[in-house]
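In structure tokens:
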């Protein structure tokens with residue numbers, strides 16, 4: 473059973489929301505991946521239904537939502553958040569003059585997604 477994001481809202485795990493969850497073999501240390509085509513990949517090593525699984529889905533759902541509304545996009549060598557574009561290479565993103573590993577809580581789009589995880593009860 474999914475968790476509720478707020479009163480009167482449906483669970484984000486309800487596939488009536490128009491996205492697909494896939495368990496996938498992902499790179500070491502990568503728990504999830506969102507795609508603009510409404511697919512969320514969860515590392516196949518994460519136990520379905522666990523708190524971690526729900527947190528990964530909530531996190532990636534936030535990214536997917538932002539990609540679909542044009543707020544966030546990425547390519548092999550960049551991440552675009554709002555009107556800013558950041559260089560990306562070798563699993564790192566250059567933000568405020570420093571290289572941060574992808575997924576770092578220092579990155580503004582990651583802060584938003586990590587805050588979405590906190591809605592898990």
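Numbering (our numbering), first residue to last: 473 to 593. Don't be surprised by glycine CBs; every beta carbon is placed ideally from N, CA and C.
TODO: Consult DSSP for residue 526 and reduce its assignment to one of helix, strand or coil.
DONE: helix
Task: CA nearest to the CA of residue 510, picked from 534, 589 and 588 - done: 534
Open item on the list: Quick test of your reading: residue 504 and residue 532, contact by CB under 8 Å. State the CB separation rounded to the nearest angstrom.
Closed with: 4 Å
Open item on the list: Let's test the definition: count the other Cβ atoms within 10 Å of the Cβ of residue 519 and tell me whether it reaches 16, buried, or not, exposed.
Closed with: exposed
- [ ] Tell whether a beta-carbon distance below 8 Å holds between residue 527 and residue 582.
- [x] no
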